[in-house]
Each structure stands twice: as structure tokens, then as C-alpha cells.
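Notes follow once the structure below has been shown.
Residue numbers (full-length UniProt numbering): 1 to 596.
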């Protein structure tokens, strides 16, 4: 009995122990930590996932500005401006290289992939320094992400230092071939031959020859055209040389070029007696020297030598041999020199009207040709005005007639034509009904101009004078020495190829310019900057006396102008006094600057 009771108690205890052990196990295995475990696994998977590479591409460049720093050797910077597409994109790299005469610059950007950014354009500006040390004189092209520009070195950009160590920058194989180019042009000189013992009268572009007579002045001037289809030869060694290794012909503008040249000495020459150059005769060379039609050029590796020009003076301007029965007469209008259309004159006012026209036909206009009144309103001018000199095809001539405004009020137009030696009239494009005209308005003088409507403006330009490889001054140089010793400065004229200066600060001050050339700050009314074309303007001015001044040593201008000096309005003078009338437009208050 006791044994059975003991056995039942043991079984009961084992059962209770088994039940008691399972309860804490169930509590420990409750899923309370499952979310934390799942999150941890997700984070690890994300960390191990591959990251997308950043996006690299070319930057969008809108404009470039080329800055030539006036030091020596010259330093050249390119300022590139554009827009980044968003706030996450940054400039990554700027790579610059030169191939011959072309600088190629690539600006790239970098943007993290997948990042959410502000979608707004972000302007940027990068300044890139070009490696221009030891470059030869010439014109160089610049390309920044497809935006093009150029700059010109007037002289070889070589440091003037004495050293025994080589300092030349190695030139890549792609840029080792040299170039020679230049122009063959018609050096004009017209002489009105005297009759009956009268003295011959040369034009302003003639100079006296030591042997007697006149010739062209050897200066390539505006209005002098290039000579096409002239054969130019290239030989090895110094001039004169009998060995010709290449030849080319001038294009429609008279320009020629020899490319892919090894380093060495060459002779560029033109033989006017060659059959292919018979179009030159009769006449003679005026440049590079009188009666000399060759020039020696020495090239280093990759050199660009420009300006190897040749000036030819035709003996008869030239007057081509044509058949008057088959050649054509035609006028091309070039410009109104004065009295633009609808100029207002008071009744009875006398005035002179001048035009520039071109002989666009094939017949030369001789002194038997006349400029005639052909109809319209009679402005009391001459019925016929003979030409004073022969005008060959392609040449321009200025025509002036004296006229007078009618007594009545209104708009008046007077029509004009040319007639040939036989009296046959012709006009623009050879048509007798296509006139050269002047149109005026005769009226009562205009009422007093409104106050504060006058304007002062002008242009600031780079007045250039340099010396050629032969040591001769360029065409735009003048000798300003009093004893003729050869102290040359730029000529103070805005020539057609001279660059304009942008970003120059111009001051407008009240009252007359001070004698000491220092404009007091208390008199300054306002300032402005020249634009990309070198132009500036002060508008909304009342009548009065003003002083326009540019101070080269001011903090705004010193880095843009110095070293150098003024050539216009006068050497060393950078200010002009203006007596301004009500409503007047004074837009030729110009300033010429010559860099040293």
C-alpha cells in the first residue's frame, strides 16, 4: 500500500516538474524581438548594395572672354561663363591643350547619381590661363566646349632673359608644322596728269620717287583691295633663290597660305614676268620694298608667320584693255557720306551732298564719264559733273555736288545717274531707272528740344603700332619725334581691324575739364562701362558743359589699361570737354589707347 502511494507521488512530482519547465521556455521564445532583427537584416543588405557612379559630362558654356594681360611676356586668360543644371552639379575638371594655332579647352561637370536637387540653373564662371609663353606673333583660335574666340600676339611672346639653360616648352608632334601667309594687294596711287604744261597732281596715297614721278605709298590701307589669282612661289633658303618647292595662288581677297612647313629658312616670291602673272603688268612692287617682290622667312617648329605681304602699284591704276562696245557699265551704291535721307533744311539753304559709289561693271570710268542730274526735284545743282580721275572696275570714288533747298516746304528727292563717254546713262546694277538720290525735308526749324534728352557717347579702342620682323614700323605707326629720329606711336585713328576695349570705366563730370587733368570726385555725375564693342553712352543729359574722362590708374582700370598711354584725343590725354546743346547726340567722343 505504502509502495503504491510512494510510486504515485513520484509520478505526480515528475509531471509537475515537466509543466513548470515549459512555462519559462514559452516566455523566452515570444516574438518580441522580431521587428528589430528584421530591421537589422534590411540595413545590412542596403549597405552591401552597389552605389551608382557620379554623372560626368561637358559643361554648358554660353560665352567666353579672352583677356590679354599687359605684362611681358604677355599672359592670356580665358573667362568662360555658363550655367550648371542644378544645385548638385559642380565643375569637375578644366583641360587645356594646343594644336598648332588652336587652343582646345574642355570644361566638365560632376553630379552625384540619384540625388534629389534643386532644379534651378546655377551660373558659373571659370578663368583658364593659356600657356602662351614662347609663342610666335600671330592669331590664335580658342575653343571652349564649342564656343569660339581668338586673340592676336603682335610680337613673339618670348621672355627677354639671359640664361644658359633651355627654357623652350616642348612642342608636340601634332603642332610641329609651320605656316606662312600674307596678302597681295593693289597699292593705290592715282595721278591727274597735267595738260598744257600744268603740274601733275597726285592723290594723297602717292609718294614721290627719287627717280622722278610718283608711286603708291607701300601702306596696306582701308579701301585697297587684294589681287586674286596671283601665283606665289615658295623656295628653300634665303632670297633670292632659284629652287621652288611649292606654289599657290591668291584667293578672291588676295590672300595666300603655305602650310605643313618644316622648321627652316624660306623665300616667298612673286615673279610678275611669269606668264601666269601677266595680270600684274605693267606696274611695280611697292612692298616689302620698291621693285622687290620677295621676302625671306625663318620658321621654328610650329611657327605661324603672318603678314608676309606684297604691294603692287599698277602703272595705269590699272585701266583694263576692254572693248567699249562689249564691256558693261554699272554702279554699286556704297554709302551716303553726308546728308542722310530726310535731313531737314530751312528754305533756300545751300549744302553739299556726297556719296561713295563703286564701279561694279567691266568698263573703266574715264574722265569722259559724267555724274548727271536725271530727274526728280531740281535742287539747283549742276546738270553734269565730270569725273576727275579714272575709276577702274572694283574701285570706289566719292562724288560731291552742290545743291540748295527749295523755297517751298515739303519733302524733295533729286535723282542722279552716270553717263559713259558716249552719253549713255546707267545707274545701280547698270539700269537707267535705278538712281543714286538725295532726299531732304524743307521745313521750319524744329522746336526747342526737351530737357534731359541729350546724349554723350563714343568708343574706346586699342590703337596698335608694332614693328615687323624687318624692324620697320607697321602702317598704323607715326613718327612723333621732333627731329625725325624715329620715335613711333600709334596714329590715333580707329582703323578697321583694331580691337575695341570692353569693361573700361568712363566718368562723366560737370563743368570744363581741369587743367591738371585730374577730375575731382565732387564733380563726377556718373560712371559707366564700355560694352563688348568698346562703346559707352551717357543718356538723359541736359544742355551744358561736361568733362568725359578715363583714368587709367584708377582701381577699376589699372589692370585693363596699364602699361600704355593715350593716342586719342591727343597723346597722353584721356579726357575731353563737351559743350552739349539741348537734345544733341554727341556719339563720337572716342578714346584711343596704345598698350606698351
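Ideal placement from N, C-alpha and C gives every residue a C-beta, glycine not left out.
Query, Result
"Nearest to residue 250 by CA position, among 267, 266, 231, is which residue?", "231"
"Residues in the same chain with beta-carbon distance under 8 Å from residue 15, minus the five sequence neighbours each way, listed in chain order, please.", "Confidence is the limiting factor: at residue 15 the pLDDT is only 49, short of 50, which leaves the residue's position unreliable and the question unanswerable from this model."
"Any chance the region 517-533 sits against the region 409-428, with 3 or more Cβ pairs inside 8 Å?", "no"
"Which residue's Cα is closest to the Cα of residue 94: 103, 281, 495?", "103"
"Where are the alpha helix (DSSP H) runs, 4 residues long or more, that stay fully inside the region 522-553, in chain order?", "none"
"Using three-state DSSP, classify residue 611 as helix, strand or coil.", "The structure shown does not extend to residue 611, since the chain spans only 1 to 596, so no value can be given for it."
"Rounded to the nearest angstrom, what separates residue 437 and residue 508 at their Cα positions?", "40 Å"
"By the three-class DSSP mapping on this structure, what secondary structure does residue 161 have?", "Note that residue 161 scores 42 on pLDDT, short of 50, meaning its location in the model is unreliable; the coordinates nonetheless yield the value given after this. Three-state DSSP puts residue 161 in coil, outside helix and strand."
"Give me the DSSP bridge partner(s) of residue 80.", "64, 126"
"In angstroms, rounded to a whole number, what distance separates the CA positions of residue 304 and residue 114?", "49 Å"
"Just list the residues that DSSP pairs residue 569 with in beta bridges.", "Paired residue(s): none; residue 569 is not in a bridge."
"How big is the Cα-Cα spacing for residue 61 and residue 145?", "6 Å"
"Could you tell me whether the Cβ atoms of residue 415 and residue 435 are closer together than 8 Å?", "yes"
"Going along the chain, which residues of its own chain have a beta-carbon closer than 7 Å to the beta-carbon of residue 238, five neighbours each way excluded?", "265, 267, 296"
"Considering only their Cβ atoms, is the gap separating residue 342 from residue 626 smaller than 8 Å?", "Any question about residue 626 goes unanswered here, given that the chain covers just 1 to 596."
"For the alpha helix (DSSP H) containing residue 608, name the first residue and the last one.", "With the chain running from 1 to 596 in the structure shown, residue 608 is simply not present."
"From the DSSP output, read off the bridge partner residues of residue 375.", "415"
"By a C-beta neighbour count over all protein chains shown, 10 Å radius and 16 as the cutoff for buried, is residue 549 buried or exposed?", "buried"
"On the DSSP letters alone, give me the boundaries of the alpha helix (DSSP H) that residue 398 sits inside.", "Per DSSP, residue 398 belongs to no alpha helix (DSSP H); it is in the beta strand (DSSP E), 396-404."
"By Cβ distance, which residues of its chain are closer than 7 Å to residue 227, with the 5 residues on each side in sequence left out?", "184, 185, 186, 250, 254, 312"
"So, at 8 Å on beta carbons, what are the nonlocal neighbours of residue 151 in its own chain, with the 5 sequence-adjacent residues on each side left out?", "66, 68, 76, 139, 140, 142"
"Compute the distance between the beta-carbons of residue 58 and residue 90, then report whether it is under 8 Å.", "no"
"Short check: CB of residue 361 to CB of residue 330, under 8 Å?", "yes"
"Where does the unbroken alpha helix (DSSP H) through residue 561 begin, and where does it stop?", "558-561"
"Would you call the region 452-459 in contact with the region 550-563, where contact means no fewer than 3 C-beta pairs closer than 8 Å?", "no"
"Label residue 245 either buried or exposed according to how many other C-beta atoms from any shown protein chain fall within 10 Å of its C-beta, with 16 as the threshold for buried.", "exposed"
"Please say whether residue 506 and residue 530 have beta carbons closer to each other than 8 Å?", "yes"
"How would you write the range of the beta strand (DSSP E) that residue 353 sits in, first residue to last?", "350-359"
"Tell me the DSSP bridge mates of residue 234?", "246, 268"
"In the structure shown, what three-state DSSP assignment does residue 337 receive?", "coil"
"From this set, 488, 315, 382, which residue's C-alpha is nearest residue 390's C-alpha?", "315"
"Hey, would you say residue 534 sits closer than 8 Å to residue 567, going by beta carbons?", "no"
"I think residue 547 touches residue 590, with their Cβ atoms under 8 Å apart; what is that distance to the nearest whole Å?", "Residue 547 to residue 590, Cβ: 15 Å. No contact."
"Report back the beta-carbon spacing between residue 130 and residue 96 to the nearest angstrom; my notes put them in contact at under 8 Å.", "7 Å"
"According to DSSP, residue 586 sits in a beta bridge with which residue or residues?", "456"
"Using only CA atoms, which one of 541, 594, 562, 565 lies nearest to residue 579?", "541"
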